[in-house]
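> Quick note on numbering: numbering that gives the first Met the number 0 labels position 345 of the sequence shown as 344, and the sequence is numbered without any gaps. Beta carbons: idealized from backbone N, C-alpha and C, even for Gly. Being a predicted model, the structure only gives us computed values, none of them experimental. Shown below is the structure under consideration.
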Amino acid sequence: MGALLAIGAVIVLMVIGVPVVFSFAAMTLVLALAYDVNISSLMTTGFWSINSIILLALPLFIMTGYLMQSGGIAARLIRFVEAIVGSSRSGMGTSMVMACGVFGAISGTASAAVASIGTIMIDPMEKHGYNRPYSTALVGISSLLGLLIPPSITMILYAVVTRQSVAAVFLATIGPGILLIIFLCVINAIKMRNNPAYNPEPITLSKRFRNIGSTGWKALPALMLPIIILGGIYGGIFTPTEAAAIAVVYAIPVGLFVYRDLDLKALVQSFIHAATTTGVIMIILLFSFVASRIFTFERVPQQLTELLLELFQNKLLILLMVNIFLILMGMIMDDVSVVAILSPLLLPVMESIGIHPVHFAAIVGTSVVIGCNSPPMAPILFMSCRIGRVGMSQVIRPAFSFMLLAALPVMLITTYWPALSLFLPRLFGYVN
Numbered sequence: 000m001g002a003l004l005a006i007g008a009v010i011v012l013m014v015i016g017v018p019v020v021f022s023f024a025a026m027t028l029v030l031a032l033a034y035d036v037n038i039s040s041l042m043t044t045g046f047w048s049i050n051s052i053i054l055l056a057l058p059l060f061i062m063t064g065y066l067m068q069s070g071g072i073a074a075r076l077i078r079f080v081e082a083i084v085g086s087s088r089s090g091m092g093t094s095m096v097m098a099c100g101v102f103g104a105i106s107g108t109a110s111a112a113v114a115s116i117g118t119i120m121i122d123p124m125e126k127h128g129y130n131r132p133y134s135t136a137l138v139g140i141s142s143l144l145g146l147l148i149p150p151s152i153t154m155i156l157y158a159v160v161t162r163q164s165v166a167a168v169f170l171a172t173i174g175p176g177i178l179l180i181i182f183l184c185v186i187n188a189i190k191m192r193n194n195p196a197y198n199p200e201p202i203t204l205s206k207r208f209r210n211i212g213s214t215g216w217k218a219l220p221a222l223m224l225p226i227i228i229l230g231g232i233y234g235g236i237f238t239p240t241e242a243a244a245i246a247v248v249y250a251i252p253v254g255l256f257v258y259r260d261l262d263l264k265a266l267v268q269s270f271i272h273a274a275t276t277t278g279v280i281m282i283i284l285l286f287s288f289v290a291s292r293i294f295t296f297e298r299v300p301q302q303l304t305e306l307l308l309e310l311f312q313n314k315l316l317i318l319l320m321v322n323i324f325l326i327l328m329g330m331i332m333d334d335v336s337v338v339a340i341l342s343p344l345l346l347p348v349m350e351s352i353g354i355h356p357v358h359f360a361a362i363v364g365t366s367v368v369i370g371c372n373s374p375p376m377a378p379i380l381f382m383s384c385r386i387g388r389v390g391m392s393q394v395i396r397p398a399f400s401f402m403l404l405a406a407l408p409v410m411l412i413t414t415y416w417p418a419l420s421l422f423l424p425r426l427f428g429y430v431n
């Protein structure tokens, strides 16, 4: 009962507009009162839990995302991707999806992708005949590839709160991320096939190759970032935390001296934004660690497991209920909150029915993709609407079509086909 009261409290507080940090603090207080525990000793334990070398990667990857946005790195990547796939009728939409995937392979955040790619691409897409609410919805769902394509901030948090290998959970979401890219590109191609408003300018093959060569050369310093990050991690050269530090050290001179879009003022602002975002995440993690410790002491995960196994005897049905629960929580919480609270709570349930923790990471990631674009909270979709300068009522229909036709099938495939998320971790030796 205490756990239900605590989770209910955090949901109600967030729905009425209380900041996430204070909502989590209230949840911890409710748990402490309900179970009569010494909150001061637990806060000390929570503090030591966030004293982790792995968590150093968070501010560094967040900083990389802001540097991409202000240093001209994102703009060069988008132009290169557009030169490759942007000349067809559906090319600009495909460019947006692919650019979000590449952006996710560097920064690991959805909000930075919305701000960078949405600002650059929504206006040109409208001039080429794309409906503005449609473009806004597409960038909203595509930006969440940052939760799936490594390095992902969300997956780092999952690895920390569930004590899994960061590299393993990174690999687990690559397959679902690529599948979501394919689904979004196919749906965009089908939708734009009969769009009479869009008539792409004819371009000769030689001119297209020149454009690819020119934009590719300019984007080369930016394209080196995902190669350095992922190649270094899986080549055994450095850890994810070291990779994040190298990404920042690399991105700053590229923005300052190669592209020259980054100045001192923008650099300072990037540091401030990264520090603010990191501070919020760390405080949320502090309270989530304390809450998880109380849950463990009071055997809440075991009680939840026993309850679900009594209600549902079928493994497939339990998985579906967990999917629905994650989506519903994602509708009223951000991805960080969902992962911090629910992952350690639901993992024992998953393990009791034979789901590997690394596979569960992919299930959580694909479920959160749907929740973060679904009202009432829909934080990423609301951000897309602000950047696209359109109302939520206009964006809901195209957003739901993308979620129904792309995100939902990817979530179900990921949930019921473990090989999609476990193939790469097994290949690299992280999973037996």
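Measuring CA to CA, which of P424, Y258, I152 is closest to A339?
Minimum Cα distance to A339 is reached at I152.
> Once DSSP output is grouped into helix, strand and coil, what is the label at G71?
It is coil, neither helix nor strand.
> In this structure, does DSSP put V17 in helix, strand or coil?
Of the three classes helix, strand and coil, the one that applies to V17 here is coil, per DSSP.
> Residues in its own chain within less than 7 Å of L345 by CB, not counting five upstream and five downstream?
V321.
> Does DSSP put Q268 in a helix, a strand or coil?
Of the three classes helix, strand and coil, the one that applies to Q268 here is helix, per DSSP.
> Pairs of beta-carbons, one from the region 158–173 and one from the region 396–404, closer than 8 Å: are there three or more?
At 8 Å Cβ cutoff, the stretches do not touch.
> Let's test the definition: count the other Cβ atoms within 10 Å of the Cβ of A418 and tell me whether it reaches 16, buried, or not, exposed.
Per the 10 Å Cβ criterion, exposed.
> Measure the alpha-carbon distance for S269 versus M62 and round it to whole angstroms.
If I take the Cα positions, the gap works out to 7 Å.
> Would you call the CB atoms of I155 and L66 closer than 9 Å?
Cβ distance not < 9 Å, so I155 and L66 don't count as in contact.
> Compute the Euclidean distance between the alpha carbons of I326 and R78, then round it to the nearest angstrom.
Whole-angstrom Cα-Cα distance: 34 Å.
> Whole-angstrom Cβ separation of L380 and G139, contact assumed at under 8 Å?
Contact flag correct, Cβ pair sits at about 5 Å.
> Can you tell me whether DSSP reads V336 as helix, strand or coil?
Note on identity: in this sequence residue 336 is Ser, with Val being the wrong assignment. Note: S336 maps to helix in three-state DSSP.
> Does the beta-carbon distance from R75 to Y249 come in below 9 Å?
In this structure, Y249 does not lie closer than 9 Å to R75 by Cβ.
> Check H127 in the structure and name its three-state DSSP category.
Correct three-state label for H127: coil.
> Take T214 and list the residues in its own chain whose beta-carbon comes closer than 6 Å to its own, dropping the five residues that flank it on each side.
These residues qualify, in order along the chain: R78, F79, A82.
> Is the separation between the beta-carbon of A246 and that of F102 shorter than 9 Å?
Cβ distance not < 9 Å, so A246 and F102 don't count as in contact.
> Can you tell me whether Q302 is helix, strand or coil according to DSSP?
Helix at Q302.
> Among Y157, C99, S164, which residue has its Cα nearest to the Cα of R425?
The option with the nearest alpha carbon to R425 is S164.
> If you follow the alpha helix (DSSP H) that C99 is part of, which residue opens it and which one closes it?
First-last of the alpha helix (DSSP H) with C99: 90–103.
> Comparing C-alpha positions only, which one of S115, I186, F21 sits nearest to G64?
Ranking the options by Cα distance to G64, first place goes to S115.
> Keeping to the same chain, check which residues put their C-beta closer than 7 Å to that of L57; ignore five residues upstream and five downstream.
Once the five neighbours on either side are set aside, the close Cβ partners of L57 are I152, I155, T277, I280.
> My assumption, with CB atoms under 8 Å, is that F288 sits in contact with G45. Please give the rounded CB distance.
Correct: roughly 4 Å between the Cβ atoms.
> Which residue marks the beginning of the alpha helix (DSSP H) containing H355, and which one marks its end?
Per DSSP, H355 belongs to no alpha helix (DSSP H) and is neither H nor E.
> Going by alpha carbons, who is nearest to G231 out of A242, M223, A221?
Checking every option, the nearest Cα to that of G231 belongs to A242.
> By the 10 Å Cβ neighbour count, where 16 or more other Cβ atoms means buried, how is I323 classified, buried or exposed?
Answer is exposed; the Cβ neighbour count stays below 16.
> Between which residues of its own chain and I6 is the CB-CB distance below 8 Å, once the five residues before and five after are set aside?
Around I6: M26, I340.
> Just the C-alpha distance for I386 and I72, rounded to the nearest angstrom, thanks.
Cα to Cα, I386 sits roughly 19 Å from I72.
> Closest Cβ-Cβ distance between A377 and chain B: below 9 Å?
The structure shown contains no chain B; it is built from a single protein chain.
> Could you check which residue in L284, M402, T365 has the C-alpha nearest to that of T161?
Per the Cα distances, L284.
> Going by beta carbon distance, what residues of the same chain come within less than 8 Å of V430, once the five residues before and after it are set aside?
The residues are A167, H355, V357, L421, P424.
> Is it buried or exposed, P343, if we count other Cβ atoms within 10 angstroms and call 16 or more buried?
P343 is buried by the Cβ-count criterion.
> By alpha-carbon positions, which one of S291, V335, R209, N130 ends up nearest to A109?
Here the closest residue by C-alpha is V335.
> Grab me the residues of A273's own chain with a C-beta within less than 7 Å of its C-beta, minus the 5 sequence neighbours each way, in chain order.
Same-chain partners within the cutoff: P58, I61, M62, Y65.
> Could you tell me the alpha carbon to alpha carbon distance between I180 and L411, rounded to whole angstroms?
Spanning the two alpha carbons is a distance of roughly 15 Å.
> Go ahead and pull the three-state DSSP assignment for A290.
It is helical.
> Is it a yes or a no for the region 134–149 touching the region 116–124, going by three-plus beta-carbon pairs under 8 Å?
As far as the Cβ criterion goes, the region 134–149 touches the region 116–124, which means the pair count is three or higher.
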